[in-house]
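Below is one structure, written out as structure tokens; comments come after it.
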Amino acid sequence: DVAMLDRRTRRDLRGDLQVVFQDPVASLDPRLPVFDVLAEPLQANGSSKADTRDRIAELLTVVGLRREDASRYPAEFSGGQKQRIG
Numbered sequence: 021d022v023a024m025l026d027r028r029t030r031r032d033l034r035g036d037l038q039v040v041f042q043d044p045v046a047s048l049d050p051r052l053p054v055f056d057v058l059a060e061p062l063q064a065n066g067s068s069k070a071d072t073r074d075r076i077a078e079l080l081t082v083v084g085l086r087r088e089d090a091s092r093y094p095a096e097f098s099g100g101q102k103q104r105i106g
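And the structure:
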């Protein structure tokens, strides 16, 4: 029961868990650039700004996008690109 865990144990456990959204369009906040969408979980887990920036550039490259795409909004991507981001 996760509710019975102490704060530190819960925080450590969060690093091992992830949510996988089934609808990539719905999982991307249309009001935020892709950088902010991808940065949120990294920063929540203690990543520095520099590490976050570098990791997002790496992730975008891995899925066939350019690092410059981080400043674009979800509406500017095709459905297939959204799937790779989300």
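Going by my numbering, the letters in the sequence shown line up with residues 21 to 106, in that order.
Positions of the beta carbon are idealized from the N, C-alpha and C atoms, including for glycine.
Rounded to a whole number of angstroms, what is the C-alpha to C-alpha distance between residue i and residue j?
i          : j          : result
residue 80 : residue 29 : 31 Å
residue 66 : residue 94 : 25 Å
residue 78 : residue 70 : 12 Å
Mind checking residue i: buried by the 16 CB within 10 Å criterion, or exposed?
i          : result
residue 50 : exposed
residue 89 : buried
residue 83 : exposed
Report all residues from its chain with a CB closer than 7 Å to the CB of residue i; omit the five preceding and five following residues, and keep chain order.
i          : result
residue 72 : 59, 62 and 63
Might you give, ordered along the chain, the residues of its own chain that have their beta carbon closer than 6 Å to the beta carbon of residue i, omitting 5 neighbours on each side?
i          : result
residue 91 : 53
residue 87 : 77 and 80
Does the CB of residue i have a neighbour CB from chain C at under 8 Å?
i          : result
residue 63 : Among the chains in the structure shown there is no chain C, since it carries only a single protein chain.
Determine whether the beta carbon atoms of residue i and residue j lie at a separation below 8 Å.
i          : j           : result
residue 25 : residue 37  : no
residue 85 : residue 103 : no
residue 55 : residue 76  : yes
Taking the alpha helix (DSSP H) that residue i belongs to, which residues open and close that run?
i          : result
residue 74 : 69 to 82
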